[in-house]
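Chains as they are written, first to last, in the numbering used here: chain C, 4 to 118; chain V, 43 to 155. Here's the structure, in structure tokens; my notes come after.
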Amino acid sequence: GNSVTQMEGPVTLSEEAFLTINCTYTATGYPSLFWYVQYPGEGLQLLLKATKADDKGSNKGFEATYRKETTSFHLEKGSVQVSDSAVYFCALSDHLTGGGNKLTFGTGTQLKVEL
Amino acid sequence: GAGVSQSPRYKVAKRGQDVALRCDPISGHVSLFWYQQALGQGPEFLTYFQNEAQLDKSGLPSDRFFAERPEGSVSTLKIQRTQQEDSAVYLCASSSGTPETQYFGPGTRLLVL
Chain C
4 GNSVTQMEGP VTLSEEAFLT INCTYTATGY PSLFWYVQYP GEGLQLLLKA
54 TKADDKGSNK GFEATYRKET TSFHLEKGSV QVSDSAVYFC ALSDHLTGGG
104 NKLTFGTGTQ LKVEL
Chain V
43 GAGVSQSPRY KVAKRGQDVA LRCDPISGHV SLFWYQQALG QGPEFLTYFQ
93 NEAQLDKSGL PSDRFFAERP EGSVSTLKIQ RTQQEDSAVY LCASSSGTPE
143 TQYFGPGTRL LVL
């Protein structure tokens, strides 16, 4: 079945450092890819998405490019802030037999940004 | 509404008790999903509704789990005879005409003692 693998955390960075969180996937076909973020005490929020190969999703300074050749969707940010501290989940859309698409998530990567 | 809401936010149950978890999706959203998130893990799919029809329940872990959405809006996830392994955060998500963008509620944290 389809699956998502992302780097284990926690990742600890100093403020203004460059961030990369790796995500690779295994899927039949060409699923849409997503990054969701979960801030402490809050629900999952969609951060960005890409629906086809070579698409770049971006939001709040974060970027990720859908790489079909390497089956990857790595999350990057040029300069992190303390407020970016959260758990980040990579996910793909997975077609359901009855119609619709569920999300298949990775295990999440905790990011801690320190002053 | 402004977003997906879930109630209760926290639930403590004794092993063997039945529990009911409620989800209010974003108004007008046709699709509704339930996910289970164990501690330190990503959410895992449980079941999917399109309006009132439950189109997929392949992720429900046992026949103790039951979900319904009788009028195509509010949904309830019921767990009968709760077990300790049911302890998790239960997430509800809804989506509209963009089928793949799901909006999540804050979750219900269930602790079974």
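Ideal Cβ positions, reconstructed from N, Cα and C, are used throughout, including at glycine. None of these values were measured; they are calculated from a predicted model.
Along chain C, which residues have their Cβ under 9 Å away from the Cβ of residue i?
i, result
"L97 of chain V", "L99, T100, G101, G102 and G103"
"Q92 of chain V", "G101, G102 and G103"
Is the beta carbon of residue i sitting closer than 7 Å to the one on residue j?
i, j, result
"G111 of chain C", "G84 of chain V", "yes"
"G109 of chain C", "Q9 of chain C", "yes"
"V83 of chain C", "V116 of chain C", "yes"
"G149 of chain V", "S47 of chain V", "no"
"L63 of chain V", "Y132 of chain V", "yes"
"A55 of chain V", "V116 of chain V", "no"
"L99 of chain C", "V7 of chain C", "no"
"T74 of chain C", "Y28 of chain C", "yes"
"G81 of chain C", "F21 of chain C", "yes"
"G150 of chain C", "D98 of chain V", "Since the first residue of chain C shown is 4 and the last is 118, residue 150 of chain C is not available in this structure."
"P67 of chain V", "S136 of chain V", "yes"
"G101 of chain V", "F91 of chain V", "no"
"R106 of chain V", "Q122 of chain V", "yes"
Can you check whether the C-beta of residue i is within less than 7 Å of a C-beta belonging to chain C?
i, result
"S129 of chain V", "no"
"S73 of chain V", "yes"
"Y52 of chain V", "no"
"G149 of chain V", "yes"
"G114 of chain V", "no"
Is there a C-beta anywhere in chain V that falls below 7 Å from the one on residue i?
i, result
"T15 of chain C", "no"
"L47 of chain C", "yes"
"T110 of chain C", "yes"
"F65 of chain C", "no"
Could you name the residues of chain C that residue i contacts, counting a contact when the two beta carbons are closer than 8 Å?
i, result
"L133 of chain V", "G46 and L47"
"T143 of chain V", "L49 and K52"
"F107 of chain V", "Near F107 of chain V there are no residues of chain C at all, since even the closest Cβ is about 16 Å away, more than 8 Å."
"Q83 of chain V", "T110 and G111"
Compute the Euclidean distance between the alpha carbons of residue i and residue j, then round it to the nearest angstrom.
i, j, result
"D128 of chain V", "L50 of chain C", "29 Å"
"Q79 of chain V", "L152 of chain V", "10 Å"
"E94 of chain V", "T118 of chain V", "12 Å"
"E19 of chain C", "L78 of chain C", "16 Å"
"Y39 of chain C", "G64 of chain C", "14 Å"
"E110 of chain V", "S17 of chain C", "46 Å"
"P13 of chain C", "R70 of chain C", "25 Å"
"F76 of chain C", "N25 of chain C", "7 Å"
"Y52 of chain V", "V61 of chain V", "11 Å"
"Y42 of chain C", "S88 of chain C", "7 Å"
"L74 of chain V", "K105 of chain C", "10 Å"
"L36 of chain C", "L118 of chain C", "31 Å"
"K120 of chain V", "W76 of chain V", "11 Å"
"T107 of chain C", "G58 of chain V", "30 Å"
"V72 of chain V", "T31 of chain C", "26 Å"
"F108 of chain V", "C134 of chain V", "14 Å"
Identify the contact partners of residue i in chain V, using a Cβ-Cβ distance below 9 Å as the criterion.
i, result
"F21 of chain C", "Within chain V, no residue comes near F21 of chain C; the closest Cβ sits about 25 Å away, beyond 9 Å."
"L114 of chain C", "Those do not exist, as L114 of chain C stays about 15 Å from chain V at its closest Cβ, beyond 9 Å."
Name the chain V residues that come within less than 8 Å of residue i, Cβ to Cβ?
i, result
"F76 of chain C", "Per Cβ cutoff of 8 Å: no residues; F76 of chain C is ~14 Å from chain V at best."
Could you tell me which whole beta strand (DSSP E) segments of length 3 or greater appear in the segment 40-99 of chain C? 47-53, 59-62, 65-68, 78-80 and 89-98
Can you give, in chain order, each stretch of the beta strand (DSSP E) that sits fully within the segment 89-118 of chain V and has at least 3 residues? Complete beta strand (DSSP E) runs here, min 3: 95-98 and 107-110.
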